[in-house]
Amino acid sequence: MCSNYARMCFGVSSPSSPRSKPKGRSKRHDSCAVNTSLAVEEHSTTDLLNRYSSFSKGELSATEASLNHMVEESSEDSKSEESIGNKIMVVVDSSLEAKGALEWALSHTAQTHDTILLLHLANAADTNEKFDGIMAFELLHSLKKLCQISKPGVLVEVALVEVEEGKEKGQMIVEEAKRQGVSLLVLGQERKRLTWWQLGCSGGGGQGVGEVVVEYCIQNAACMTVAVRKKNSNGGGYLISTKLHKNFWLLA
2 MCSNYARMCF GVSSPSSPRS KPKGRSKRHD SCAVNTSLAV EEHSTTDLLN
52 RYSSFSKGEL SATEASLNHM VEESSEDSKS EESIGNKIMV VVDSSLEAKG
102 ALEWALSHTA QTHDTILLLH LANAADTNEK FDGIMAFELL HSLKKLCQIS
152 KPGVLVEVAL VEVEEGKEKG QMIVEEAKRQ GVSLLVLGQE RKRLTWWQLG
202 CSGGGGQGVG EVVVEYCIQN AACMTVAVRK KNSNGGGYLI STKLHKNFWL
252 LA
């Protein structure tokens, strides 16, 4: 009875009775049962596949869009980071010390995608203001061209700031460096060959910015500040002064 039941439900032949043949009715019944089972299974599988397929498409579309957006943002951030480097401010004038400081900044600090900001201070008390303004612009233009030739991959900006009456040069340089968001401030360092009253005249006079101005910037600027002077006109390296080091000899 058990074997007959097994044959009827599952279509399995009993090994002990290979000669026995199921009746026609059982055959049809088994066939109907199997077809019904297959139909139900096929319907269930198709339904599940359809549901999974539609669900997956929606999920994949959303995921793909999200990933694409993330990749685009990452790519833009990378490009932005690559295209924007450090900003280096160099205080320039017609003195040899300022020129030496600019040469040092170009050869030792400036890299591709960095920005060199050339800052020139104009004295408001000058008698021939128009002439001095023209000279200042010509100076900035020539120094900008020098930077572009020396470092083609460096961006160059210029700034002409008029010294306000009653305001120290050092204070104005520090304020401008903070406003511009520079990461390094470079100034030319004069030789100690002037009298005490000339060194102390930080508000104007002379072509250079003065030792007192340099020291004020080193001690008060929010960014790294370096005073640079060529050891001699024929080479021999540079003398570097920072907040931690004074007249450090850099042979380069």
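Start counting the sequence shown at 2; every next residue gets the next number (this note's numbering). Backbone N, C-alpha and C fix where the C-beta goes; we use that ideal spot for every residue, glycine too.
Practice problem: Would you be able to state if there are at least three C-beta pairs under 8 Å between the region 105-120 and the region 142-161? | Solution: Touching, yes, given that three or more Cβ pairs across the two stretches are closer than 8 Å.
Self-check item: Between the CA atoms of Ile150 and Arg192 - distance to the nearest angstrom
Solution: Taking the first residue of the sequence shown as 1, we reach residue 192 at position 191. Taking the first residue of the sequence shown as 1, we reach residue 150 at position 149. Answer to the nearest angstrom: the Cα atoms are 28 Å apart.
Quiz item: At a cut of 8 Å, does the region 161-174 reach the region 102-109 through at least three beta carbon pairs?
Solution: The region 161-174 is not in contact with the region 102-109.
Self-check item: Simplified DSSP state of Gly167, which is helix, strand or coil
Solution: Stepping through the sequence shown from its first residue, residue 167 is reached at position 166. It is coil, neither helix nor strand.
Exercise. For Gln190, count neighbouring Cβ atoms within 10 angstroms of its own Cβ and tell me buried if that reaches 16, exposed if not.
Key: In the sequence shown, the residue the question calls residue 190 occupies position 189. Looking at its Cβ environment, which holds 16 or more other Cβ atoms inside 10 Å, Gln190 is buried.
Quiz item: Apart from the five residues on each side of it in sequence, which residues of its chain come closer than 7 Å, Cβ to Cβ, to Lys179?
Solution: Within the sequence shown, numbered from 1, the residue matching residue 179 stands at position 178. Closer than 7 Å at the Cβ level, and outside the excluded window around Lys179, lie Ala223.
Exercise. Starting from the N-terminal side, write out each stretch of the alpha helix (DSSP H) that is 4 residues or longer and does not extend beyond the region 86-112.
Key: If we require 4 residues or more, the alpha helix (DSSP H) runs fully inside the region 86-112 come out as 97-109.
Exercise. In angstroms with no decimal places, state the Cα-to-Cα distance between Leu177 and Val210.
Key: What you label residue 177 is simply residue 176 of the sequence shown in a count that begins at 1. What you label residue 210 is simply residue 209 of the sequence shown in a count that begins at 1. Strictly speaking, residue 177 in this sequence is Glu, with Leu absent from that position. Answer to the nearest angstrom: the Cα atoms are 15 Å apart.
Quiz item: What does His121 pair with, by DSSP beta-bridge criteria?
Solution: Your numbering for residue 121 matches position 120 in the sequence shown. BP columns for His121 point to Leu161.
Quiz item: According to DSSP, is Trp198 helix, strand or coil?
Solution: On the sequence shown, residue 198 is found 197 positions in, with the first residue counted as 1. Summary for Trp198: the model assigns pLDDT 44, below 50, so the residue's position carries little reliability; its value from the coordinates is reported in the next sentence. Three-state DSSP puts Trp198 in a helix.
Quiz item: Looking only at its own chain, which residues have a Cβ that is under 7 Å from the Cβ of Lys231, when we skip the five neighbours before and after it?
Solution: Reading the sequence shown from its first residue, position 230 is the one you call residue 231. Around Lys231, the same chain offers Gly101 and Tyr239 as residues with beta carbons nearer than 7 Å, after the five sequence neighbours per side are excluded.
Quiz item: Of the choices Thr113, Leu156, Val162 and Ser184, whose alpha-carbon is the least far from that of Ala137?
Solution: Numbered from its first residue, the sequence shown carries residue 137 at position 136. Out of Thr113, Leu156, Val162 and Ser184, Val162 has the C-alpha closest to the C-alpha of Ala137.
Quiz item: Does DSSP put Val187 in a helix, a strand or coil?
Solution: Locating residue 187 in the sequence shown gives position 186, where the first residue counts as 1. Val187: strand per DSSP, three-state reduction.
Quiz item: From what residue to what residue does the alpha helix (DSSP H) around Asn221 run?
Solution: Taking the sequence shown and counting its residues from 1, one reaches residue 221 at position 220. Counting along the chain, the alpha helix (DSSP H) containing Asn221 begins and ends at Glu212 to Asn221.
Quiz item: Which partner residues of Lys231 appear in the DSSP bridge assignment?
Solution: Numbered from its first residue, the sequence shown carries residue 231 at position 230. The partner list for Lys231 (beta bridge, DSSP) reads Tyr239.
Quiz item: With 16 as the cutoff for other CB atoms within 10 Å, does Tyr217 come out buried or exposed?
Solution: Here residue 217 corresponds to residue number 216 of the sequence shown, with the count starting at 1. Tyr217 is buried by the Cβ-count criterion.
Self-check item: For Val159 and Leu140, the rounded distance between their alpha carbons
Solution: The count along the sequence shown starts at 1 and reaches residue 140 at position 139. The count along the sequence shown starts at 1 and reaches residue 159 at position 158. Here the C-alpha atom of Leu140 lies approximately 10 Å from the C-alpha atom of Val159.
Quiz prompt | Among Leu97, Ala111, Met90 and Asn87, the one whose alpha carbon lies nearest that of Asn235 | solution = Taking the first residue of the sequence shown as position 1, residue 235 is located at position 234. Selected option, being the one with the closest Cα: Leu97.
Quiz prompt | Close Cβ partners of Ile219 (< 6 Å) along its chain, the five nearest in sequence each way excluded | solution = Your numbering for residue 219 matches position 218 in the sequence shown. For Ile219, same chain residues with a beta-carbon under 6 Å away, outside a window of 5 residues either side, are Thr226 and Lys244 in chain order.
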